[in-house]
Amino acid sequence: MDGVMNWLTQDRVGSALVKVLLVGNVAPMLVAFLVWLERRVAAWAQDRMGPNRVGPFGLLQSFADLIKFLLKEDVLPGHVNKAMYLVAPCLAVIPPLVVLALVPFADRFAIADVDTGILAAFAFSGIGVYAIALGGWASNSKYALIGAVRASAQLISYEICLGLAALGVFIVAGTLRLEDVVKMQADGFTIHGETLHGISKFFDWNIVKQPIGAIIFLIAAFAETNRTPFDLPEAESELAAGYHTEFSSMKFALFFLGEYVAIVAMSSLFTTLYLGGWTLFGVENAFEGTTAQTLLQILIFLAKTMCVIFTFIWVRWTVPRFRYDQLMDLGWKRLMPATLAWLAATACVVAFLK
Amino acid sequence: MGVQIAFWLFAILVAGTALYAAVAPKIVHAAFSLMATFFGVAGIYAILGSDFLAVTQVLVYVGGIMVLIVFGVLLTDRVPEEYKVVAPRRWLPALIAGGLCFAAIAGALKSTVWPISSSTPLGDATSTVEGIGRSLLTDYLIPFEFASILLLVVLVGAARLARGQVR
Chain Z
0 MDGVMNWLTQ DRVGSALVKV LLVGNVAPML VAFLVWLERR VAAWAQDRMG PNRVGPFGLL
60 QSFADLIKFL LKEDVLPGHV NKAMYLVAPC LAVIPPLVVL ALVPFADRFA IADVDTGILA
120 AFAFSGIGVY AIALGGWASN SKYALIGAVR ASAQLISYEI CLGLAALGVF IVAGTLRLED
180 VVKMQADGFT IHGETLHGIS KFFDWNIVKQ PIGAIIFLIA AFAETNRTPF DLPEAESELA
240 AGYHTEFSSM KFALFFLGEY VAIVAMSSLF TTLYLGGWTL FGVENAFEGT TAQTLLQILI
300 FLAKTMCVIF TFIWVRWTVP RFRYDQLMDL GWKRLMPATL AWLAATACVV AFLK
Chain G
0 MGVQIAFWLF AILVAGTALY AAVAPKIVHA AFSLMATFFG VAGIYAILGS DFLAVTQVLV
60 YVGGIMVLIV FGVLLTDRVP EEYKVVAPRR WLPALIAGGL CFAAIAGALK STVWPISSST
120 PLGDATSTVE GIGRSLLTDY LIPFEFASIL LLVVLVGAAR LARGQVR
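Chains as they are written, first to last, in numbering that gives the first Met the number 0: chain Z, 0 to 353; chain G, 0 to 166.
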């Protein structure tokens, strides 16, 4: 067993393929759980029961839904642009999965450990816009096109805040590699000649060093994943279902899957950047050098990510949505200047401390 | 060997999609073909070992510039007659101009001596990101600042144009 983990954490083509299979299958599974969680939390927030019939606590509800999606008739409307119409749902799923490939789940356990880590993550999450633009355009219908234009404008606007907010972390860390960013949050920094140990290592996490950056990152992440309070792309009263109005059965399910994988990807990025990734005050090294260590680290990472995902769901069922002009105002006139000011302050502090 | 295969795959991708972007009958298809071209170029950068350049290519061209182009196309392209972007009437002057450009570039490529060195241009930097960051803020600081001022001027100018008449 230890041999297996050793092999997995090495930099080989074979181990990379195995990790791709692992992450590529676990992420959609997690999404099934996530959809169930979302509906249960929604029910809890609205004081009703939620899905509780299929399996224990209704846990198998998502699989029943999946079977429904698979068995539905796959309609190909006559008025669509066929090639683009078929490519768009695939494009919705691929970019967030690629982002997941860059996240280190444990020590030396990222599929692709690249020097440009976060830059690559942003580059690929930015491609998600194409699925929306393409899907809306190829549908060849008014609602879908207007929905697509609205959604892409929103994504482009908040991408800037997202990137700028994360930049603060890299000014502090001095590296773009996600693994180094995690390690930097765990080594315990020194105040008045005393290095932080144990639970006080919490103050080494970037959410403490970069509180405003973390909040802005989270807000921009809500907007990037089309979540309430920013779920403007889907507005039943104005746009029907927005850019995916014309998509049915599995093609719609792919858009849906892409949206939830994006939530998983954003949450794991937030965990990596601000919550110390796979580390937990030294607990992560409890089984030094064994398989259990890697497994424990993955568990810690997943637990933290689930907390962030829960925040996503919690906010969705608590905060009412914005109007479109309020959304743009918030993005361009409030968040962007705030992020720039925060960046300048961070840079000054870092330069002064050096 | 693997590098060779990857290079040829990306080269074919770049050339093929660039050609299709030029001759595609629908402007949206041309735009998305161009996106694939940018991806291919990023792949070639990655093969050559400049990971930072590859990622920046995807970030800036695929994630930024192409999105704006596609956005513009989405908002304008609704008239079936105007799908035609290629006007085959003027192909002769285009061919001559294109051929001359190609000849000039090919000649320059042929006559240049390409020194191949085994030492890395990074100096003692451990990664390309660090190396590029250092040289941008030391040796090439002035060109770097000039580029940022140019971009700022363009930004202000674009805002001025978009606002129209100032009262």
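Note that beta-carbon positions come from the ideal geometry of N, C-alpha and C, so glycine has one too. Predicted model, so just to flag it, every value in this text is computed and none were measured.
In chain order, what residues of the segment 125-154 of chain G put their CB closer than 7 Å to some CB of chain Z? 126, 127 and 128
Going by the beta-carbon positions, is the gap between residue 94 of chain Z and residue 126 of chain Z smaller than 9 Å? yes
Determine whether the Cβ of residue 138 of chain Z lies closer than 9 Å to any Cβ atom of chain G. no
Let me confirm a value: residue 48 of chain Z is counted as buried when at least 16 other C-beta atoms fall within 10 Å, else exposed. Which label applies? exposed
For a contact defined as C-beta to C-beta under 7 Å, what are the partners of residue 54 of chain G on chain Z? 115, 118, 119 and 122
Let's see if you can read the secondary structure: which residues bound the alpha helix (DSSP H) around residue 78 of chain Z? For residue 78 of chain Z, there is no enclosing alpha helix (DSSP H), as DSSP marks it with neither H nor E.
Put residue 286 of chain Z into one of helix, strand or coil per three-state DSSP. coil
Can you find a C-beta in chain Z that's less than 9 Å from the C-beta of residue 67 of chain G? So yes, residue 67 of chain G belongs to the interface.
Nearest chain G C-beta to residue 155 of chain Z closer than 9 Å, yes or no? yes
Euclidean distance between Cα positions of residue 172 of chain G and residue 154 of chain Z: Here chain G has residues from 0 to 166 only, and residue 172 of chain G is not among them.
With a CB to CB cut of under 7 Å and the five nearest residues on each side skipped, what residues in its chain are close to residue 132 of chain Z? 147 and 151
Contact check, residue 165 of chain Z vs residue 183 of chain Z, beta carbons under 9 Å: no
Please classify residue 78 of chain Z as buried or exposed, where buried requires at least 16 neighbouring CB atoms within 10 angstroms. exposed
According to DSSP, simplified to helix, strand and coil, what is residue 92 of chain G? helix
Once DSSP output is grouped into helix, strand and coil, what is the label at residue 110 of chain Z? coil
By the 10 Å Cβ neighbour count, where 16 or more other Cβ atoms means buried, how is residue 3 of chain G classified, buried or exposed? exposed
Step through the CB atoms of chain G and report whether any lies within less than 9 Å of the CB of residue 174 of chain Z. yes
Would you call the CB atoms of residue 46 of chain Z and residue 296 of chain Z closer than 9 Å? no
Please report the straight-line C-alpha distance between residue 350 of chain Z and residue 174 of chain Z, rounded to a whole angstrom. The straight-line gap from Cα to Cα measures roughly 15 Å.
For a contact defined as C-beta to C-beta under 9 Å, what are the partners of residue 282 of chain Z on chain A? Absent here is chain A; the protein component of the structure consists of chains Z and G.
With 9 Å as the threshold, decide whether the Cβ of residue 248 of chain Z is near any Cβ in chain G. no
Please report the distance separating the alpha-carbon of residue 130 of chain G from that of residue 218 of chain Z. Spanning the two alpha carbons is a distance of roughly 33 Å.
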